[in-house]
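Colleague: Numbering-wise (the numbering used here), the sequence shown opens with residue 1 and increments by one.
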Amino acid sequence: MAEIIWKTKEEIEQEREVEIANPEQVMSKQIADLTIDNKKKDMLIQNLAKTVSELNIKVSQLEGGNA
């Protein structure tokens with residue numbers, strides 16, 4: 001879930017100055033942040049797939065026990 005970060009007007013202006021001064025660094029940081037976010041999402045998807053698989057096995061076992 002997204003986190004809200006409160007910033008002062010001065011902090012925002014400083015960030016804009018840095019972005020204007022170093023656009024390549026800003027872009028590199030954004031790419032790195034996106035890469036990290038994508039890896040986190042990949043891990044969540046893998047965990048979710050594992051959980052679904054485990055639940056499917058349990059359901060199959062329960063169905064087999066009731067037959």
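We treat Cβ as the ideally placed atom computed from N, Cα and C, and that holds for glycine.
(1) Give the straight-line distance between the Cα atoms of Thr-35 and Ile-5, rounded to the nearest whole angstrom.
(2) Locate the alpha helix (DSSP H) running through Lys-9, then write down its first and last residues.
(3) Nearest-angstrom Cα distance between Ser-53 and Ala-2?
Modeller: So, to answer that:
(1) So the two alpha carbons sit approximately 21 Å from each other.
(2) Lys-9 -> alpha helix (DSSP H) spans 9–21.
(3) C-alpha separation (whole angstroms): 28 Å.
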